[in-house]
Every structure is written in C-alpha cells, then in structure tokens.
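Q: Using UniProt numbering, you'd call the opening residue of the sequence shown number 24 and step up by one each time. Glycine included, each C-beta is placed from N, C-alpha and C at the ideal position. These numbers come from a predicted model, not from an experiment. Structure in structure tokens, see below.
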Amino acid sequence: MSKRIIAVLPGDGIGEEVTAEAVRVIEKLNAATDAGFECVHVPVGGTAYDLHGTPLPEDTLSTARDANAILLGAVGGPKWESAPRELRPERALLGLRSELSLFSNLRPAILYPELADASTLKPEVVSGLDIMIVRELTGGIYFGGPRGIETVDGQRRGFNTMEYTESEIKRIAHSAFRAAMQRDKRLCSVDKANVLEVSELWREVVTKISSEYPQVELSHMYVDNACMQLVRAPKQFDVILTTNMFGDILSDAASMLTGSIGMLPSASLNADGKGMYEPVHGSAPDIAGQGIANPLATILSVAMMLRYTFTENAMADKIEAAVQRVLANGLRTADLAREGETPVTTSEMGQAVLDELV
Ligand code: NAD
Ligand code: IPM
Ligand code: MN
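Dropping the structure here:
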C-alpha cells in the first residue's frame, strides 16, 4: 500500500497535549492493521514563531501541502498577542486554510447519550442531538478587502469587508446540500439578509442551487434567531449552512449542547477531498500545561480524517465506538465531570480510548 502521510501540526497550548493523544490513536491503528499511516510533525503558530520567526514556516506549509491529510491541534495564546498582526499564530491557521483552498468546514455537533447531564441545557432539550454545521472557511469577512486600521480626521478607524462571490457561495452550498442528502435532508441556511447585501446574494444563490436537490427541504434563518433557536430547540436543525464568521460563532455555541467544546471535531476540505482536521476549540491558555484538557475532539477529528480523506469508514466507526464506551464507563475530563466527581487527565482519557480500541 502506498504511504499515507499525515502532517501533524500540534501548535500551541493544549494543542500539543491533545494532539499527542490523537497520534497515539493513529499509531495503534498502524500497529493493529496494515493502514500504513506515517505522521510527520512540523511546528505551527506561536511555537513556530518562536523557533523560526514566522507562524507558518515554508517547510510547514509544504509539508502540509504534500501530505495526504493534516492534523492540527490549536494555535494562539497570550504570549503572542502583541506580535504584529501578520505574525500572530492565528494567521498560520488562516494561511493554511486559504493556501490549501479548504473552503468547506464540517463541524458536527453530536450529543453522546452518556453526556446528556454534562450539557448546561436540560437533557430533554439536547438528547438525540445530531447537527452538522457547514461553515464557509476561505471567504467572507475573514479574507475580504479592504481591511485595516487608518487615521481619519485625527482618529483611528478600523474596517473589514464581508464579501462573497457567486462561485464561492455555490461551492459551499453544494457541500451543504450533499451533506444533507446523506442525513435527514433538511438544510437551514443562516444569514443576515435583512441587513446585508452580501447575505441577500447568499440567500439568492443558495435558493437557486436548491433546485438541484429537490429532496432536500431548504429553509433560511437570520443569524440572531439561529443563535436563539440553537439554545431553545436545537434538535430542529439537521444541516446548518453558513458563512465564515457566523459559522465560527454558531459552532462554539453548539458545542455546549454536546457537553463541552472539548467534544467538537472538524474537517476542513478542499474540492478534491484533501483535508485538515482539528478540534473546534482553541489553545485554552487557562488550562494549558496542566494535562487536564479533553482530547476527545482531536481524537474524533482523526475519525473524520479516516472517513473523509482515507475512506476508512470501519476504522472511523471503531474510534467513535471506543469514545462512546469510554464515556459509558463514566470517564470524564474536568470539562465534563459532574459535581464531586474526580476527573481523569488528558493522557488517562487518551489511554482509555486506546484500551477500548479493539
Ligand atoms: P478556547 O477554545 O481556547 O478556550 C475557551 C474555553 O474552553 C477555555 O475556558 C478553555 O479552557 C476551554 N476549553 C477549550 N478546549 C478545551 C478542551 N479540549 N478541554 C477542556 N476545556 C477546553 O478559546 P479562547 O480562550 O477564546 O482562545 C484561546 C486562544 O486560542 C486564542 O489565542 C485564540 O485565538 C485561539 N484559538 C485557536 C483556535 C484554533 O487553533 N483552531 C480556535 C479557537 C481559538
Ligand atoms: C476556529 C478559530 C479560528 C477561526 C481562529 C483561531 C482564527 O476560532 O477555528 O474556530 O476564527 O476560524
Ligand atoms: Mn472558533
């Protein structure tokens, strides 16, 4: 079998801690099967900045480009907050997404039944929750121009531009409709078309594309209402399609429905199915270095990698089943632990998944 290279970019803060556990899962799959994955570690974010003076060194970008898939931990932290904007750790993440055209960001929010009591919402509101957020990842206000800070009439003015071309909207709409076809065939497109022209175009193009998917029931919702509905009655959603910034915000909100942001994996795909896989959470400076972060989002991101890039669905199923058994056995990291319960550490949680991975 030809080599299957996985570029591993642990990044900063808990990124390193959770990625280490995910790599152990990949190594176990290697030992147990002829999967033949090869992990190549390269620095990214603040860690890369400290080593090489840039958050996305040329070697890291080319390793990511040449690999079959990318596993990323998280980037950022207070140490680098005062660095010039173009050298901030977050720029590396945006650079990877943009350079590799990873426009389709899939963020599933699934409640494992064992975690119904870990959510801050009532169990009956969240039980059975299974939402797929499809977030446009290489356009919108994150990348639009003009942007900057300038001085006008003696005071500074900051500005960004939210923009989408028809082709950018079309390709992400197709991703979302295809996802809906694999699921309950309900798609809710979230925008701000009552105020923004860019959303008006978004809504028009999505509606037009829907004629190619007659089996999918399309609805539209304003983003402010969508936030409220996610907390009020989240199970009304099947697939949510939205823009870069709205998707960023909605997915963090959706994460708490599943018990913790430490549970949410993601896949960022290009048109050829190449993917970068990462937890939705960040580098969590408040708990970094303590060995207490939840590694499950990153481990579940490996399952997404197996499914979307390597079409190793049986292996992906095994990882998800192992996570489910670990939770059923009552293991909880601090973010999930109930009152009075002693939480397990990051590596104990990782080991428990390995032990269940048969
Ligand atoms: P964050 O997601 O890092 O943390 C928010 C809260 O969630 C914190 O209290 C943290 O302890 C907790 N948390 C996050 N992941 C957890 C896990 N796996 N287990 C247990 N608890 C977890 O968001 P933030 O604090 O707003 O950002 C911190 C840094 O991370 C910033 O520099 C930000 O830019 C960066 N960031 C990076 C990414 C990424 O690399 N994809 C995503 C979001 C934020
Ligand atoms: C995410 C993060 C990133 C984003 C930041 C760190 C650039 O919040 O992956 O959700 O805003 O996309
Ligand atoms: Mn985010």
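Quick one: grab the DSSP three-state call for N53.
A: One-based indexing of the sequence shown puts residue 53 at position 30. The answer is helix: DSSP assigns N53 an H, G or I state.
Q: Using the C-alpha atoms, what's the distance from V46 back to P33?
A: If you number the sequence shown from 1, residue 33 lands on position 10. If you number the sequence shown from 1, residue 46 lands on position 23. Distance between the alpha carbons of P33 and V46 is about 10 Å.
Q: Just checking, does the stretch 181-192 make contact with the stretch 158-172 on the three C-beta pairs under 8 Å criterion?
A: The stretch 181-192, when compared against the stretch 158-172, does touch it at the 8 Å Cβ threshold.
Q: Would you mind stating whether A216 and L210 have Cβ atoms separated by less than 7 Å?
A: Position 193 of the sequence shown, counted from the start, is the residue given in the question as residue 216. Position 187 of the sequence shown, counted from the start, is the residue given in the question as residue 210. Not closer than 7 Å, so no.
Q: Grouping DSSP H, G and I as helix and E and B as strand, with all else coil, what is L129?
A: Counting from one through the sequence shown, the residue named residue 129 turns up at place 106. Three-state result, L129: strand.
Q: Rounding to the nearest angstrom, what Cα-Cα distance links I93 and V63 in this structure?
A: The count along the sequence shown starts at 1 and reaches residue 93 at position 70. The count along the sequence shown starts at 1 and reaches residue 63 at position 40. Rounded to the nearest angstrom, the two C-alpha atoms are 9 Å apart.
Q: Considering only residues of the stretch 93-141, which uninterrupted beta strand (DSSP E) runs meet the minimum length of 3 residues and lie entirely inside it, listed in chain order?
A: The stretch 93-141 contains these whole beta strand (DSSP E) runs: 127-133.
Q: Which one of G177, V221 and E159 has the shortest CA to CA distance from S198?
A: By one-based count along the sequence shown, residue 198 stands at place 175. Ranking G177, V221 and E159 by Cα distance to S198 puts E159 first.
Q: Am I right that G76 and G99 are in contact with their C-beta atoms under 8 Å? What's the rounded C-beta distance?
A: One-based indexing of the sequence shown puts residue 76 at position 53. One-based indexing of the sequence shown puts residue 99 at position 76. The Cβ separation is near 17 Å, so there is no contact.
Q: Quick check: what's the CA-CA separation for R246 versus D340?
A: By 1-based counting over the sequence shown, the position of residue 246 is 223. By 1-based counting over the sequence shown, the position of residue 340 is 317. Here residue 246 is Val; the residue named in the question, Arg, does not match the sequence. Taking the straight line from one Cα to the other gives about 33 Å.
Q: Expressed to the nearest angstrom, what Euclidean distance is found between the alpha-carbon atoms of L84 and A132?
A: Counted from its first residue, the sequence shown places residue 84 at position 61. Counted from its first residue, the sequence shown places residue 132 at position 109. Distance between the alpha carbons of L84 and A132: 29 Å.
Q: Rank L74, I154 and P80 by C-alpha distance to the C-alpha of A277 and give the top, closest one.
A: The count along the sequence shown starts at 1 and reaches residue 277 at position 254. Among L74, I154 and P80, the Cα nearest to that of A277 is on I154.
Q: For the ligand MN, which residues count as neighbours when the test is a C-beta closer than 7 Å to any heavy atom?
A: Result (chain order): D271, S274, D275, V303 and G305.
Q: Counting only the same chain and skipping the five closest in sequence on each side, list residues whose C-beta sits under 7 Å from that of V350.
A: Stepping through the sequence shown from its first residue, residue 350 is reached at position 327. Checking the sequence shown, residue 350 turns out to be Leu, not Val. Excluding positions up to five away in sequence, the list reads Y135, E137 and L138.
Q: Output the residue ranges of the beta strand (DSSP E) runs that lie fully inside the stretch 244-291 and measure 3 residues or longer, sorted by chain position.
A: The qualifying runs are 262-265.
Q: Flag E113 as yes when its Cβ comes closer than 6 Å to any non-hydrogen atom of the ligand IPM, and as no otherwise.
A: Against the sequence shown, residue 113 aligns to sequence position 90. It does: the Cβ of E113 is within 6 Å (strictly closer) of some heavy atom of the ligand IPM.
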